[in-house]
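Colleague:
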Amino acid sequence: MDQGMELRGCVCRIKSSALELLSMEEDLTTDLDDDLWDLVRRDLQLKATFLYIDLNRVIACNECEERREEITLLANDFFYFMDELGDAVANRSVSVVKLCYGDAAQALREVVAAVVPPAAA
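In this text, residue positions in the sequence shown follow my numbering: the first is 5, and each later residue adds one.
#1: In this structure, how does DSSP classify E67 when only helix, strand and coil are distinguished?
#2: According to the Cβ coordinates, are V62 and C16 closer than 8 Å?
#3: Rounded to a whole number of angstroms, what is the C-alpha to C-alpha distance between E69 and N60?
#4: Return yes when the Cβ of A52 is within less than 8 Å of the Cβ of L85, no when it is not.
#5: Measuring alpha carbon to alpha carbon, tell me which of R96, E29, R72 ends up nearest Q110.
#6: For the alpha helix (DSSP H) containing R1, name the first residue and the last one.
#7: Could you check what DSSP says for L26 in three-state terms: helix, strand or coil?
#8: Closest by CA to S27, which one among Y105, V120, A92?
Right, here's the structure in full:
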């Protein structure tokens with residue numbers, strides 16, 4: 005498989021994972037029973053893992069140092085907010101989850117905007 009095809013696949017998965025995460029707001033901002041809190045936490049971890057792998061590949065293959073640094077900084081912010089969101093979900097605090105989700109969602113939108121070419125968005 006050529007590198008261009010691999011990167012297109014990574015970008016496609018990043019977009020897909022982002023859409024899935026951005027559609028979780030309702031699930032995250034309502035009071036859930038104990039089993040659902042755990043399921044949501046594991047789902048967040050899984051999606052973040054896939055995003056990490058794909059973003060790492062996109063960053064590593066980017067030939068422009070400035071773009072690599074920009075995407076790295078945005079991705080670091082996103083993963084910081086995802087950690088905060090994961091902690092809030094683990095603590096089962098709906099009010100804190102709402103705040104952390106908003107921060108993570110905004111950071112994710114910025115990552116996607118930096119990674120996805122405008123014509124492909």
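By construction, the Cβ of each residue, glycine as well, lies at the ideal position given by its N, Cα and C atoms.
Modeller: Straight from the coordinates:
#1: Here residue 67 refers to the residue found at position 63 when the sequence shown is read from its first residue. Note: E67 maps to coil in three-state DSSP.
#2: Indexing the sequence shown from 1 puts residue 62 at position 58. Indexing the sequence shown from 1 puts residue 16 at position 12. For V62 and C16, no; Cβs fall outside 8 Å.
#3: Locating residue 69 in the sequence shown gives position 65, counting from the first residue. Locating residue 60 in the sequence shown gives position 56, counting from the first residue. Using only the alpha carbons, I get a separation of about 14 Å.
#4: Taking the first residue of the sequence shown as 1, we reach residue 85 at position 81. Taking the first residue of the sequence shown as 1, we reach residue 52 at position 48. The amino acid occupying residue 85 in the given sequence is Phe; Leu does not appear at that position. Cβ distance not < 8 Å, so F85 and A52 don't count as in contact.
#5: Position 106 of the sequence shown, counted from the first residue, corresponds to residue 110. Looking only at R96, E29, R72, the smallest Cα-Cα distance to Q110 is reached by E29.
#6: Nothing about residue 1 can be read from this structure; the chain reaches only from 5 to 125.
#7: Here the question's residue 26 lines up with position 22 in the sequence shown. Three-state DSSP puts L26 in a helix.
#8: Position 23 of the sequence shown, counted from the first residue, corresponds to residue 27. If we check each option's Cα against that of S27, Y105 comes out closest.
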